[in-house]
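Peer 1:
2 protein chains.
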Amino acid sequence: MDDPTQAAPSQRPGDASVDPTVTLHVCVNCLAGADRDTSPRPGARLHQALLEAQQQQDQPPRVRIVAAECLSNCNRGCSAALSGAGRWSYVYGDLTEAAAAELLAGAGQYAATDDGLVPWRERPTIFRKGVIARIPPPPQPA
Amino acid sequence: MDDPTQAAPSQRPGDASVDPTVTLHVCVNCLAGADRDTSPRPGARLHQALLEAQQQQDQPPRVRIVAAECLSNCNRGCSAALSGAGRWSYVYGDLTEAAAAELLAGAGQYAATDDGLVPWRERPTIFRKGVIARIPPPPQPA
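Residue numbers (this note's numbering), protein chains in the order written: chain X, 1 to 142; chain Y, 1001 to 1142.
Shown next as structure tokens:
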């Protein structure tokens, strides 16, 4: 399990030029079990709901919402992925447009970390139940 | 599906300083269904088999094999992830130490690309059948 007590030490380079903005990729092709002719697709609806939720925020966004083609998680779509310089990357599944606000809030928590590791108990339920996989940041140069 | 005909355009910055070495993270804690007391664990055995396979190569390695704690893919372990600067990242599951040579060869194909997108037909079977998820590279600065 992705156990917070085993959180790896931060591997973020101590480089002030590192981009503080994180990316939330959303598969806009995802059907999430719907008929192929469904339009707009559930993934596209989730993407649109995220953009609208972000527009309602007061603060400048630290989360870049980006449409993606396929995150290879078709069996558990809709899918989204969080990534950022020096951070662990995460892929989430079982998402719907109804979860847009919660997803955006979780992305904001992620952006507020240096290494992408939000404490387990503070993560939104959709992250705890819907995590598909995660990838460590690249090792720091020796 | 991760359809090669829909491959996104390369998003790699045209920066010669980008690290050409890719990283293959391997979860060394993975039990892959084995008893918790199993030692060494299947994930650790896979990691060791990869190191040994790499030692038998003639050419300087372009794949950095790195032990990781958990890739949050416990239901389909053993797990490994490929990542590299400017490239799509991939998480693979259902791996065993018997697949070490094939996994390392696939990682070499990945390293030889600019964007991480190896044509579908050229991918090892373990990659085609065992892909868990993938994450696009960060968008290029505007």
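From the three backbone atoms N, C-alpha and C, an ideal C-beta is built for every residue, glycine too.
Ile1132 of chain Y touches chain X at which residues, Cβ-Cβ below 9 Å?
Peer 2: Working through the second sequence from its first residue, we reach residue 1132 of chain Y at position 132. Neighbours of Ile1132 of chain Y on chain X, chain order: Ser72, Asn73, Val91, Ile132, Ala133.
Peer 1: Is the CB of Thr1038 of chain Y under 7 Å away from at least one CB in chain X?
Peer 2: In the second sequence, residue 1038 of chain Y corresponds to position 38, counting from 1. For Thr1038 of chain Y, the answer is no, since every Cβ of chain X falls outside 7 Å of its Cβ.
Peer 1: Our contact map puts Ala1100 of chain Y next to Leu1046 of chain Y with C-beta atoms below 8 Å; I'd like the distance itself, whole angstroms only.
Peer 2: For the purposes of this step, residue 1100 of chain Y is identified with residue 100 of the second sequence, where counting begins at 1. For the purposes of this step, residue 1046 of chain Y is identified with residue 46 of the second sequence, where counting begins at 1. Going by Cβ atoms, the distance from Ala1100 of chain Y to Leu1046 of chain Y rounds to 6 Å, so yes, they are a contact pair.
Peer 1: Using a Cβ-Cβ distance under 7 Å, would Thr23 of chain X count as near chain Y?
Peer 2: If you number the first sequence from 1, residue 23 of chain X lands on position 23. Closer than 7 Å to some Cβ of chain Y, the Cβ of Thr23 of chain X qualifies, so yes.
Peer 1: Would you verify that the beta carbon of Gln6 of chain X is, or is not, closer than 7 Å to some beta carbon of chain Y?
Peer 2: Here residue 6 of chain X refers to the residue found at position 6 when the first sequence is read from its first residue. Because Gln6 of chain X sits at a pLDDT of 43, beneath the cut-off of 50, its placement in the model cannot be relied upon, and the following sentence gives the value as read from the coordinates. By this cut-off, Gln6 of chain X is an interface position.
Peer 1: At a cut of 8 Å, does the stretch 42-61 of chain X reach the stretch 76-83 of chain X through at least three beta carbon pairs?
Peer 2: With a cut-off of 8 Å, the stretch 76-83 of chain X and the stretch 42-61 of chain X count as touching, because enough Cβ pairs lie within range.
Peer 1: Skipping 5 residues on each side, what residues in its chain have a beta carbon closer than 7 Å to that of Gln1109 of chain Y?
Peer 2: Counting from one through the second sequence, the residue named residue 1109 of chain Y turns up at place 109. Here the set comprises Val1118, Glu1122.
Peer 1: Apart from the five residues on each side of it in sequence, which residues of its chain come closer than 6 Å, Cβ to Cβ, to Leu1031 of chain Y?
Peer 2: If you number the second sequence from 1, residue 1031 of chain Y lands on position 31. Cβ neighbours of Leu1031 of chain Y beyond the five flanking positions: Arg1041.
Peer 1: Quick one: what's Ile1132 of chain Y bridged to in DSSP?
Peer 2: Locating residue 1132 of chain Y in the second sequence gives position 132, where the first residue counts as 1. In the DSSP output, where bridge partners are listed per residue, Ile1132 of chain Y has none listed.
Peer 1: Which residue or residues does DSSP assign as beta-bridge partners of Leu1082 of chain Y?
Peer 2: Here the question's residue 1082 of chain Y lines up with position 82 in the second sequence. DSSP output for Leu1082 of chain Y lists Y:Leu1024, Y:Tyr1090 as bridge partner(s).
Peer 1: Step through the CB atoms of chain Y and report whether any lies within less than 7 Å of the CB of Arg123 of chain X.
Peer 2: Start at 1 with the first residue of the first sequence, and residue 123 of chain X comes out as number 123. Taking Cβ atoms only, chain Y never reaches closer than 7 Å to Arg123 of chain X, which makes this a no.
Peer 1: With DSSP as the reference, label Ala1112 of chain Y as helix, strand or coil.
Peer 2: Locating residue 1112 of chain Y in the second sequence gives position 112, where the first residue counts as 1. In this structure, Ala1112 of chain Y counts as coil in the three-state DSSP scheme.
Peer 1: If we call anything under 7 Å between Cβ atoms a contact, is Ser1083 of chain Y one with Ile135 of chain X?
Peer 2: The sequence position of residue 1083 of chain Y within the second sequence is 83, counting from 1. The sequence position of residue 135 of chain X within the first sequence is 135, counting from 1. Yes. Within cutoff.
Peer 1: Look up Ala1099 of chain Y in the DSSP assignment and give the residues it is bridged to.
Peer 2: Along the second sequence, read from residue 1 onward, the residue named residue 1099 of chain Y stands at position 99. According to DSSP, Ala1099 of chain Y bridges with nothing at all.
Peer 1: How would you call Gly1033 of chain Y, buried or exposed, if buried means at least 16 neighbouring beta carbons within 10 angstroms?
Peer 2: Working through the second sequence from its first residue, we reach residue 1033 of chain Y at position 33. Exposed, since its Cβ has fewer than 16 Cβ neighbours within 10 Å.
Peer 1: Taking the CB atoms as reference points, tell me whether Glu154 of chain X and Ala49 of chain X lie closer together than 7 Å.
Peer 2: Outside the shown range of chain X (1 to 142) lies residue 154 of chain X, about which nothing can therefore be said.
Peer 1: State yes or no: is the C-beta of Ala1133 of chain Y within less than 7 Å of the C-beta of Leu71 of chain X?
Peer 2: As a position in the second sequence, residue 1133 of chain Y is number 133, starting the count at 1. As a position in the first sequence, residue 71 of chain X is number 71, starting the count at 1. Contact: yes.
Peer 1: Beta strand (DSSP E) containing Arg64 of chain X: first to last residue?
Peer 2: To locate residue 64 of chain X, count along the first sequence from 1; it is residue 64. That run of the beta strand (DSSP E) goes 63-68.
Peer 1: For Arg1087 of chain Y, count neighbouring Cβ atoms within 10 angstroms of its own Cβ and tell me buried if that reaches 16, exposed if not.
Peer 2: Mapped onto the second sequence, residue 1087 of chain Y falls at position 87. Arg1087 of chain Y comes out buried.
Peer 1: In whole angstroms, what is the alpha-carbon distance linking Pro1013 of chain Y and Ala85 of chain X?
Peer 2: Within the second sequence, the letter at position 13 stands for residue 1013 of chain Y. Within the first sequence, the letter at position 85 stands for residue 85 of chain X. Below a pLDDT of 50, predicted positions are generally treated as unreliable, and Pro1013 of chain Y, at 44, falls in that range; the measurement from the model is reported next regardless. About 14 Å.
Peer 1: By how many angstroms is the C-alpha of Val1131 of chain Y removed from the C-alpha of Val1026 of chain Y?
Peer 2: Taking the second sequence and counting its residues from 1, the one referred to as residue 1026 of chain Y is at position 26. Taking the second sequence and counting its residues from 1, the one referred to as residue 1131 of chain Y is at position 131. So the alpha carbons of these two residues sit roughly 14 Å apart.
Peer 1: Answer yes or no: the CB of Ile1135 of chain Y versus the heavy atoms of the ligand SAH, is any distance below 6 Å?
Peer 2: The ligand SAH is absent from the structure shown, which contains no ligands of any kind.
Peer 1: Of the choices X:Pro138, X:Asp37, X:Leu51, whose alpha-carbon is the least far from that of Ser89 of chain X?
Peer 2: In the first sequence, the residue the question calls residue 89 of chain X occupies position 89. Here the closest residue by C-alpha is X:Pro138.
Peer 1: Going straight from the alpha carbon of Asn73 of chain X to that of Gly1093 of chain Y, what length do you get?
Peer 2: For the purposes of this step, residue 73 of chain X is taken as the residue at position 73 of the first sequence. For the purposes of this step, residue 1093 of chain Y is taken as the residue at position 93 of the second sequence. The straight-line gap from Cα to Cα measures roughly 12 Å.
Peer 1: Whole angstroms is fine: what's the gap from Ala105 of chain X's alpha carbon to Arg62 of chain X's?
Peer 2: The residue given as residue 105 of chain X occupies position 105 in the first sequence. The residue given as residue 62 of chain X occupies position 62 in the first sequence. The straight-line gap from Cα to Cα measures roughly 11 Å.
Peer 1: Can you check which of these residues, X:Pro141, X:Ile65, X:Thr113, is closest to Pro20 of chain X by C-alpha distance?
Peer 2: As a position in the first sequence, residue 20 of chain X is number 20, starting the count at 1. Nearest option by C-alpha distance: X:Thr113.
Peer 1: Please list the partners that Arg64 of chain X has in chain Y, where partner means a Cβ-to-Cβ separation under 9 Å.
Peer 2: Within the first sequence, numbered from 1, the residue matching residue 64 of chain X stands at position 64. The contacting residues are Pro1138, Pro1139.
Peer 1: Is Ile1126 of chain Y helix, strand or coil when you go by DSSP?
Peer 2: For this step, residue 1126 of chain Y is matched to residue 126 along the second sequence. Residue state, collapsed to three classes: helix.
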